[in-house]
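Colleague:
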Amino acid sequence: TQLLEQSPQFLSIQEGENLTVYCNSSSVFSSLQWYRQEPGEGPVLLVTVVTGGEVKKLKRLTFQFGDARKDSSLHITAAQPGDTGLYLCAGGRTSYGKLTFGQGTILTVHP
Amino acid sequence: GAVVSQHPSWVICKSGTSVKIECRSLDFQATTMFWYRQFPKQSLMLMATSNEGSKATYEQGVEKDKFLINHASLTLSTLTVTSAHPEDSSFYICSASGGDSPLHFGNGTRLTVT
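Each protein sequence line maps, in turn, to chains H and B. Quick note, the first sequence lines up with residues 1 to 111 if you use our numbering. Quick note, the second sequence lines up with residues 112 to 225 if you use our numbering.
1. Quick check: is any heavy atom of the ligand SAH less than 8 Å from the C-beta of residue 80(H)?
2. Taking residue 181(B) and residue 117(B) to be in contact with their CB atoms under 8 Å, please state how far apart those CB atoms are, rounded to whole angstroms.
3. Taking a cut of 9 Å between CB atoms, which residues from the stretch 201–225 of chain B lie near chain H?
4. Does the Cβ-Cβ distance between residue 131(B) and residue 186(B) come in under 9 Å?
5. In chain H, which residues lie with their C-beta within 8 Å of the C-beta of residue 145(B)?
6. With H, G and I counted as helix, E and B as strand and the rest as coil, what does DSSP make of residue 15(H)?
7. Tell me, to the nearest whole angstrom, how far the beta carbon of residue 159(B) is from that of residue 207(B); I am working on the premise that it is less than 8 Å.
8. Which term fits residue 76(H), buried or exposed, when burial requires 16 or more other beta carbons within 10 angstroms of its beta carbon?
9. Can you tell me whether DSSP reads residue 176(B) as helix, strand or coil?
10. Against chain H, does residue 156(B) count as a neighbour if the rule is that its beta carbon must be under 9 Å from one of theirs?
11. Name the chain H residues that come within less than 8 Å of residue 153(B), Cβ to Cβ?
12. In the structure shown, what three-state DSSP assignment does residue 121(H) receive?
13. At what residues does the beta strand (DSSP E) containing residue 118(B) begin and finish?
14. Does chain H have any CB closer than 9 Å to the CB of residue 140(B)?
15. Hey, does residue 48(H) have any beta-carbon neighbour from chain B nearer than 9 Å?
16. To the nearest angstrom, how far is the alpha carbon of residue 216(B) from that of residue 17(H)?
17. At the 9 Å Cβ level, is residue 186(B) part of the contact set with chain H, yes or no?
18. Under the three-state reduction of DSSP, which class applies to residue 85(H): helix, strand or coil?
19. How many whole angstroms separate the CB atoms of residue 71(H) and residue 23(H), which I take to be in contact at a CB cut-off of 8 Å?
20. Ignore the nearest five residues each way along the sequence and tell me which others in residue 176(B)'s own chain have a CB closer than 8 Å to its CB.
21. Given a cut-off of 9 Å, decide if residue 143(B) and residue 42(H) are closer than it, judged by their beta-carbon atoms.
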């Protein structure tokens, strides 16, 4: 069974601060996704990474996929209250098949 | 716009009754749909994989007789929670895949069993 360890579980910061969320596994994933979820809604895909060492940027969000494709990180620069939500990493053999989810990180950004 | 529609968004039922949740792919044919369960402030837990025209594959620990899944067409999968109890109260989410296109998630169904 492939497991994804996501940390930290909770993150409470002030507006303007930077933060990093980590996702680690002992298994290799062919594809890894990051999602953001708001209460009462389904997860929304932020990014998919498939190549070891890959770095993708989405405005203030930077995503990295480890060289060995066993770990990934999400870095948010100058966090804003609108970034508040549950962030989930998920890995699988493909981006469209069965996914294993990390435990999630609840981010709260205070104005 | 939403490409996967989940219905209802929320439902309250009495203990002992059954509840059906629908997951529809709106503009693509979903050969595979996945059903997840999520407790408050926790991650998604995969319950089962639903393939069109065949029996669902359940994850370990998920009771197939309690959580009935039907995927009778390429655009619809249903999850029926049979003889619901308060401990079945949760947020249920489906996702759908149409071959090699990315997964799309529904907006979830909040089930409360009283």
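The beta carbon of each residue, even a glycine, is placed where N, CA and C say it ideally should be.
Modeller: Let's see:
1. Among the components modelled here there is no ligand, and therefore nothing to report on the ligand SAH.
2. Not really, about 15 Å apart at Cβ, beyond 8 Å.
3. 202, 204, 205, 206, 208, 209, 210, 211, 212, 213, 214, 215, 216, 217, 218, 219 and 221
4. no
5. 98 and 99
6. coil
7. Contact flag wrong, Cβ pair sits at about 13 Å.
8. buried
9. coil
10. For residue 156(B), at least one C-beta of chain H is nearer than 9 Å to its own C-beta.
11. 103 and 104
12. In this structure chain H extends from 1 to 111, so residue 121(H) is not present and cannot be described.
13. 115–118
14. no
15. For residue 48(H), the nearest CB of chain B lies under 9 Å from its own CB, placing it at the interface with that chain.
16. 30 Å
17. no
18. strand
19. 6 Å
20. 193
21. no
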